[in-house]
Amino acid sequence: MTKEVCNFCGNGLENVFVDLGLSPLANSYTNPAEANKGEMFFPLRTYVCGKCFLVQAPQCELPENIFSDYHYFSSYSKSWVEHAKQYAHKMVDELKLSPDSLVVEIASNDGYLLQHFKEKGIKITGVEPAKNIAKIANEKGINTICEFFGEDFAKASNIKADLVAANNVLAHVPDINSFVKGFKVILKENATLTVEFPSVLNLIKYNQFDTIYHEHFSYLSLSVVSRIFSAHGLKVYNVEKLPTHGGSLRVYACHKECNREICEAVSLLLDEEKNFGLADLKIYDDFKNKVLASKRNILKWLFELKEQGKKIIGYGAAAKGNTLINYCGIREDIINYVVDANPHKQNKYLPGSRIPIYSGDKIKETKPDYIIILPWNLKDEISKQLNYINDWGGKFITLIPEVSIFDVH
């Protein structure tokens, strides 16, 4: 058998973090015309490097086959667009950005972030590998280059940015070294880089195993990101904790040569991660048992509700929901259908489970007893939107970090 090696340091990988069995690509939704055809399942096994403690999933499919035609459009989440707007305004003020400045976003999606800089007259460039999404962004007037980002692209592009933003993309790249080297190339001398990613500390602490899927090659902490950045000539000088995606970090970085002082927040979080045990393999070993117990409890609750004759549906055809559904072996006999606001997902099927996806109109037609909010990080936003299910006594369920049943009045 081929031995896996760490994506960052090259050390042999021997310590399994969690094994979620076989699963299809989490965003590979099935068209009705293909409903009677087979689909590819891949091992969804993650490791933790015993040397640098990077949690990672080995590459089982080429990025071109995962991201070139993508179904995730950032603008369909109002809360995420608002998050982007607040960030843009903050960075314009703090960095004194002007019409002479250039803001570059890596994995810019449909322009959900760059639009806020453009509104202020600042030059923008997006780099987005998904052809279908880049096309939409350009049609909206968001200058977008359709390419995969990395060191080679950065050198060929001649881009020099005052601010580089990379939200929820560092985890998506199999060659993390080339990716970070690319940052070094496109940053101006005193420029700023911000990177946002879900915290692996929160993943472990709050049992967020459903955030593991093939599109995510890395599961990151500040300590690991600092180590990777330092290896490639970048310095982390600040960090913020964010509520997004169940608890994320926004890391601020610059060239090592830059004389920016390192904020106290960096040392405080590094200490927190160390005290939590992120530099000790035991914390990763213990996570396996937590995930197994969670699977048993989720199925127990759902089986009991079905025995009572309850109608259960899901809301949000999210990647994290697909991981959970396939790991737990849930099918249409348990969750009758899923609703999603994204028309690009509607009238298709979830990967693996083949649970059908409809528009929100289906809820009022069928009046389900329970709606499982699969993107649990958006439960407040979604439950408020759907509070009309109170009219027939409907309730909401979230399954992470544990099963919770609630209603919203």
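Sequence positions in the sequence shown follow the working numbering and run 600 to 1008.
All C-beta atoms, glycine included, are put in the ideal place defined by N, C-alpha and C.
Should residue i go down as buried or exposed, given a rule of 16 or more other Cβ atoms within 10 Å for buried?
{"i": "Q714", "result": "buried"}
{"i": "Y987", "result": "exposed"}
{"i": "K606", "result": "Correcting the residue type first, residue 606 is Asn in the shown sequence and not Lys. Buried, since its Cβ has 16 or more Cβ neighbours within 10 Å."}
{"i": "Q655", "result": "buried"}
{"i": "T965", "result": "exposed"}
{"i": "E788", "result": "exposed"}
{"i": "P942", "result": "exposed"}
{"i": "A634", "result": "exposed"}
{"i": "M600", "result": "Any reading at M600 must be qualified, since the residue scores a pLDDT of 47, below 50, and its modelled position is unreliable; the value itself is stated next. Exposed is the call here."}
{"i": "I1010", "result": "As shown, the chain starts at 600 and ends at 1008. That puts residue 1010 outside it, with no answer to give."}
{"i": "W679", "result": "buried"}
{"i": "M639", "result": "exposed"}
{"i": "P631", "result": "exposed"}
{"i": "D939", "result": "buried"}
{"i": "K947", "result": "buried"}
{"i": "F1023", "result": "Not covered by the structure: residue 1023. The range shown for the chain is 600 to 1008."}
{"i": "G992", "result": "exposed"}
{"i": "H1008", "result": "exposed"}
{"i": "D1024", "result": "Outside the displayed span of the chain (600 to 1008) sits residue 1024, for which this structure offers no information."}
{"i": "E863", "result": "exposed"}
{"i": "F716", "result": "buried"}
{"i": "F1005", "result": "exposed"}
Mapping DSSP to helix, strand and coil, what is residue i?
{"i": "I735", "result": "helix"}
{"i": "V1007", "result": "coil"}
{"i": "L696", "result": "coil"}
{"i": "I741", "result": "coil"}
{"i": "K636", "result": "coil"}
{"i": "D589", "result": "There is no way to answer for residue 589, as the model of the chain reaches only from 600 to 1008."}
{"i": "G992", "result": "coil"}
{"i": "I911", "result": "strand"}
{"i": "F752", "result": "helix"}
{"i": "P1064", "result": "Beyond the ends of the chain as shown, which are 600 and 1008, falls residue 1064; an answer cannot be given."}
{"i": "K834", "result": "strand"}
{"i": "R895", "result": "helix"}
{"i": "A770", "result": "helix"}
{"i": "V1002", "result": "coil"}
{"i": "A917", "result": "coil"}
{"i": "E603", "result": "coil"}
{"i": "E839", "result": "strand"}
{"i": "G845", "result": "helix"}
{"i": "F747", "result": "coil"}
{"i": "Y643", "result": "Contrary to the premise, residue 643 reads as Leu rather than Tyr in this sequence. In the structure shown, L643 sits in a strand (DSSP, three-state: E or B)."}
{"i": "Q655", "result": "strand"}
{"i": "F925", "result": "It should be noted that the sequence gives Asn, not Phe, for residue 925. N925 falls in the helix class under three-state DSSP."}
{"i": "L786", "result": "strand"}
{"i": "N888", "result": "helix"}
{"i": "N776", "result": "helix"}
{"i": "S622", "result": "strand"}
{"i": "G649", "result": "coil"}
Write down the C-beta distance between residue i and residue j rounded to the nearest angstrom, noting that I regard them as a contact closer than 8 Å.
{"i": "V865", "j": "V824", "result": "Wrong, their Cβ atoms sit about 11 Å apart, outside the cutoff."}
{"i": "G920", "j": "I981", "result": "Actually they are not in contact, since the Cβ atoms of G920 and I981 sit about 12 Å apart, beyond 8 Å."}
{"i": "A755", "j": "A790", "result": "The pair is not a contact, with the Cβ atoms about 19 Å apart (cut-off 8 Å)."}
{"i": "A917", "j": "L973", "result": "5 Å"}
{"i": "Y628", "j": "K944", "result": "6 Å"}
{"i": "I811", "j": "V617", "result": "7 Å"}
{"i": "I775", "j": "I827", "result": "6 Å"}
{"i": "S676", "j": "G951", "result": "At roughly 23 Å, the Cβ-Cβ gap does not stay under 8 Å, so S676 and G951 are not in contact."}
{"i": "E872", "j": "S820", "result": "5 Å"}
{"i": "K602", "j": "G609", "result": "About 11 Å; that fails the 8 Å criterion."}
When the distance is taken between beta carbons, is residue j closer than 9 Å to residue i?
{"i": "H831", "j": "L786", "result": "no"}
{"i": "S697", "j": "G725", "result": "no"}
{"i": "I723", "j": "G781", "result": "no"}
{"i": "I911", "j": "P967", "result": "yes"}
{"i": "H815", "j": "A770", "result": "yes"}
{"i": "S700", "j": "I732", "result": "no"}
{"i": "P773", "j": "Q907", "result": "no"}
{"i": "K983", "j": "T997", "result": "no"}
{"i": "I1051", "j": "I924", "result": "The first residue shown for the chain is 600 and the last is 1008, placing residue 1051 beyond what the model contains."}
{"i": "E795", "j": "N837", "result": "no"}
{"i": "Y957", "j": "T793", "result": "no"}
{"i": "G913", "j": "I934", "result": "yes"}
{"i": "Y1009", "j": "L624", "result": "Residue 1009 is absent from the structure shown; the chain starts at 600 and stops at 1008."}
{"i": "A852", "j": "L833", "result": "yes"}
{"i": "D885", "j": "N614", "result": "no"}
{"i": "L848", "j": "L868", "result": "yes"}
{"i": "A736", "j": "T743", "result": "yes"}
{"i": "S817", "j": "L653", "result": "yes"}
{"i": "V702", "j": "A765", "result": "no"}
{"i": "H844", "j": "N757", "result": "no"}
Regarding residue i and the ligand HEM, is the C-beta to nearest heavy atom distance less than 8 Å?
{"i": "D774", "result": "Only the bare structure without any ligand can be found here, which leaves the ligand HEM out of the picture."}
> What alpha helix (DSSP H) runs, 4 residues minimum, are completely inside the segment 928 to 988?
Replying inline: For the segment 928 to 988, whole alpha helix (DSSP H) runs of length 4 or above, ordered along the chain, are 960 to 965 and 978 to 984.
>> What ranges does the beta strand (DSSP E) occupy inside the segment 702 to 735, keeping only unbroken runs of at least 3 residues that lie completely in it?
In response: Listed in chain order, the complete beta strand (DSSP E) runs (minimum 3 residues) inside the segment 702 to 735 are 722 to 726.
> Along the chain, which unbroken stretches of the beta strand (DSSP E) at least 3 residues long are found entirely within the segment 790 to 829?
Replying inline: Correct list: empty.
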